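Each number in this note's numbering corresponds to the 1-based position in the sequence shown with 74 added.
Every residue gets a Cβ at the ideal spot worked out from N, C-alpha and C, and that includes glycine.
These numbers come from a predicted model, not from an experiment.
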Amino acid sequence: MSPLDAPLQRLYDIVEYLVDERLGIIRHVVEIKRESGAPNLFTFYAKACDTAAFRKSRNFSDGGGASIDRGHAMAKAVGEAVERYCASFYEPDDLLLSPFKCLPVKAISPDMFALFSEQQYLTTHFPYHPFNRDTPVRWTPAVEVTSGEQCYVPAAMVFVPYHADGHGEAPIVQSISTGLACHSTFEAAAISAVCEVIERDAFTIVWQSKMSPPHIMLNTLSCANTDLVCRFRDSGASVELLNITLDHGIPTVLAVLRHTAPELPALVFAAAAHLDWETAIRKSLEELALTLRLGKSLKAHTPRIQMDSNFTKVVDKSCHVRLYCDHGQSHFADFLFESSRTVDCNELASLAMGSFQEDMTTLIDIMRKRLQPVVLADVTTSDIRELGLVVVRAVLPGFHPLCFGHRLRALGGLRLWTVPQQLGYPGITQETGDNCFPHPYP
């Protein structure tokens with residue numbers, strides 16, 4: 075076993091201590107039987123206990139994992155359920171409630187975050203308040219790792235699900251799990267957490283600015299990743315891989331699955347970022363298997379999304395995925411595939427160094443050179459820590475967030491409006507606006 079496999083092995087080894095239907099942190103872990111026509115991968119589902127039994131709100135309890143390795147698929151599902159369990163624990167009264175301008179501690183300035191535009195805030199019934207120096211929010215401590223200093227960040231960007239309590243706190247951001255990761259070491263969890271933020275930033279910028287990224291040449295993939303692609307092809311689908319790496323240079327890959335059969339989802343999307351190209355490609359394909367399962371279920375059991383000019387019916391994750399299950403809407407994504415540029419995997423240099431400690435240093439150095447803060451919050455609960463696991467939430471101020479609900483897509487910040495042009499793409503302006511079609515991301 076390589077050192078990079080050890081954290082997942084640790085999760086696999088302690089499953090028996092986590093799982094119990096009545097008293098376990100994880101209620102159950104189920105291996106999902108492969109459906110007819112599905113790619114030949116192992117898929118697991120894990121469900122955490124309901125934290126509403128001993129605190130005010132219910133956690134996001136579901137976790138999923140897919141891999142060609144059975145143990146890794148199980149470990150990924152368990153890890154996802156554990157990270158969401160840990161991130162649900164917070165006590166509002168223990169958090170510092172204050173506008174930024176009155177904080178007695180060092181904190182990340184509100185103007186560093188990419189959220190919403192002034193026009194969005196003026197929209198009728200828009201659920202979020204402008205986040206500025208005068209906005210009262212609750213803050214939680216974290217570490218800005220490029221400097222090593224403690225700093226405070228909005229609790230709404232760390233804990234999930236997070237609910238502004240209505241007692242003086244303004245809601246500022248959608249509560250989703252981007253940047254949350256569980257592993258057996260802090261470094262491993264931190265790398266996964268940061269890479270997920272990078273992945274979501276890349277996809278949302280590519281989608282909202284209508285970039286047409288280069289195609290990764292499938293005939294140049296490694297044997298292992300070629301095998302993964304073939305497993306999808308053997309199920310009757312075609313796969314495309316796109317290089318959506320942005321200005322930082324950290325490998326980021328978008329995997330797209332396409333069906334021509336009308337009873338199957340037209341398009342399914344997944345992505346991953348990692349210092350190593352091989353790993354980024356593999357992870358994007360493994361995530362594609364999970365999204366495919368969701369898409370097939372939504373297409374079979376939910377009605378089509380009712381269309382209107384502003385896509386007001388696209389309100390949550392399921393709606394975003396369901397929209398692109400219909401073949402009549404697949405042309406909304408045509409721009410993604412229009413580039414004639416290709417990338418040979420043999421010419422892609424890995425940035426990975428071979429250990430989590432070295433990779434963490436590499437990641438921090440890349441961000442430090444770009445003057446990009448990397449904020450990490452350890453949200454591990456005591457019971458999970460005793461089992462040798464760590465859960466980390468990463469916040470990269472200024473990176474573009476993934477949001478669910480088309481009218482709630484983020485239009486603030488600088489990266490959406492500047493990074494495409496820096497990379498030689500036409501980009502978008504305030505006059506042109508962003509992509510009018512909802513994103514397809516789960």
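F511: which of G472, A407 and R101 sits nearest, CA to CA?
A407
In whole angstroms, what is the alpha-carbon distance linking A468 and A264?
7 Å
Y226 by DSSP, collapsed to three states: which one?
strand
To the nearest angstrom, how far is it from the Cα of A354 to the Cα of A140?
15 Å
Residues in the same chain with beta-carbon distance under 6 Å from L359, minus the five sequence neighbours each way, listed in chain order, please.
L302 and A329
Starting from V232 and walking both ways along the beta strand (DSSP E), at which residues does that stretch end?
No beta strand (DSSP E) holds V232; DSSP gives it neither H nor E.
Between which residues of its own chain and C269 is the CB-CB distance below 6 Å, once the five residues before and five after are set aside?
A347 and H348
Where does G153 land, buried or exposed, given buried means 16+ other C-beta within 10 angstroms?
buried
Just to check, is the beta-carbon of I246 closer than 6 Å to a non-hydrogen atom of the ligand HEM?
With respect to the ligand HEM, the structure offers nothing, as it holds no ligand at all.
L470 and V448 - do their beta-carbons sit closer together than 7 Å?
yes
Using 10 angstroms around the beta-carbon of P77, count the other beta-carbons present and answer buried if the total reaches 16, otherwise exposed.
With a pLDDT of only 46 at P77, under the threshold of 50, the placement of this residue in the model should not be trusted; the figure read from the coordinates follows. So P77 ends up on the exposed side.
Apart from the five residues on each side of it in sequence, which residues of its chain come closer than 8 Å, Cβ to Cβ, to Y91?
L461
Distance CB(A112)-CB(S309) smaller than 7 Å
yes
Roughly how many whole angstroms lie between the Cα atoms of H203 and M381?
28 Å
Between L254 and E412, is the Cβ-Cβ spacing less than 7 Å?
no
Just verifying my parser: in three-state terms, what is the DSSP assignment at R459?
helix
Counting along the chain, where does the alpha helix (DSSP H) carrying Y91 start and finish?
V89 to L92
DSSP-derived helix/strand/coil call for A298:
helix
When you compare only the Cα positions, how much space is there between M427 and C419?
18 Å
Taking all protein chains shown into account, decide if M75 is buried (16 or more other Cβ within 10 angstroms of its Cβ) or exposed.
Per-residue confidence for M75 stands at a pLDDT of 43, beneath the threshold of 50, marking its modelled position as unreliable; the derived number appears in the next sentence. Per the 10 Å Cβ criterion, exposed.
Report the partner residues of S249 according to the DSSP bridge assignment.
Looking at the DSSP assignment, S249 forms no beta bridge with any residue, so it has no partner.
Nearest-angstrom Cα distance between L368 and E432?
36 Å
Would L177 pass as a contact of R212 if the rule is Cβ separation under 7 Å?
no
Could you check whether Y515 and M285 sit closer than 7 Å to each other, using their CB atoms as the reference points?
no
Just reading off the beta strand (DSSP E) that A244 is part of, what are its end residues?
Neither: A244 is in no beta strand (DSSP E) and is coded neither H nor E.
With a CB to CB cut of under 8 Å and the five nearest residues on each side skipped, what residues in its chain are close to V271?
T252, G253, A468, V469, L470 and F473
Are the Cβ atoms of V395 and L362 separated by less than 7 Å?
no
Between which two residues does the alpha helix (DSSP H) holding A123 run?
Note that residue 123 corresponds to Cys in the displayed sequence, not to Ala. Unbroken run through C123: none, as it is neither H nor E.
What is the residue span of the beta strand (DSSP E) that R101 lies within?
I100 to E105
Same chain, Cβ closer than 6 Å to R274, neighbours up to 5 away in sequence not counted:
T252 and L476
Selected residue, minimal CA-CA separation from T197, among T506, R489 and R481
R481
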